[in-house]
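To convert, take the position in the sequence shown, counting from 1, and add 16; that gives the working numbering.
Just so it is clear, CB atoms sit at the ideal spot from N, CA and C, and this is done for glycine as well.
All values reported here derive from a predicted model rather than from experimental measurement.
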Amino acid sequence: MAVISGMTAGCLCWIAGEGVARGVLAGLAVVGLSVSFFDRLIAREAAGDPCGEVDEHG
17 MAVISGMTAG
27 CLCWIAGEGV
37 ARGVLAGLAV
47 VGLSVSFFDR
57 LIAREAAGDP
67 CGEVDEHG
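Written out as structure tokens, the structure reads:
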């Protein structure tokens with residue numbers, strides 16, 4: 017899912033006219049941020065606590 021997010025961000029940046037280099041950098045940045053986000057979501061579900069993150073912030 018992180019790769020899909022990065023590809024989407026990179027393509028949208030490229031379509032907006034920022035160029036290929038900035039699109040690639042934006043895509044890599046989104047992948048880097050998304051990996052930790054999706055890892056935390058998967059770890060919560062694997063531990064049997066699908067709503068744990070909501071309890072921490074609310």
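Q) With C-beta atoms as the reference, is A37 less than 8 Å away from G26? A) Not closer than 8 Å, so no.
Q. Cα separation between V46 and F54?
A. When rounded, the distance between both Cα atoms is 12 Å.
(Q) Please return the same chain residues whose Cβ sits closer than 7 Å to the Cβ of I20, not counting the five positions on each side in sequence. (A) The answer is none, since no qualifying residue turns up.
Q. Taking C-beta to C-beta, are G22 and S52 nearer than 8 Å?
A. Not a contact, by the Cβ cut-off of 8 Å.
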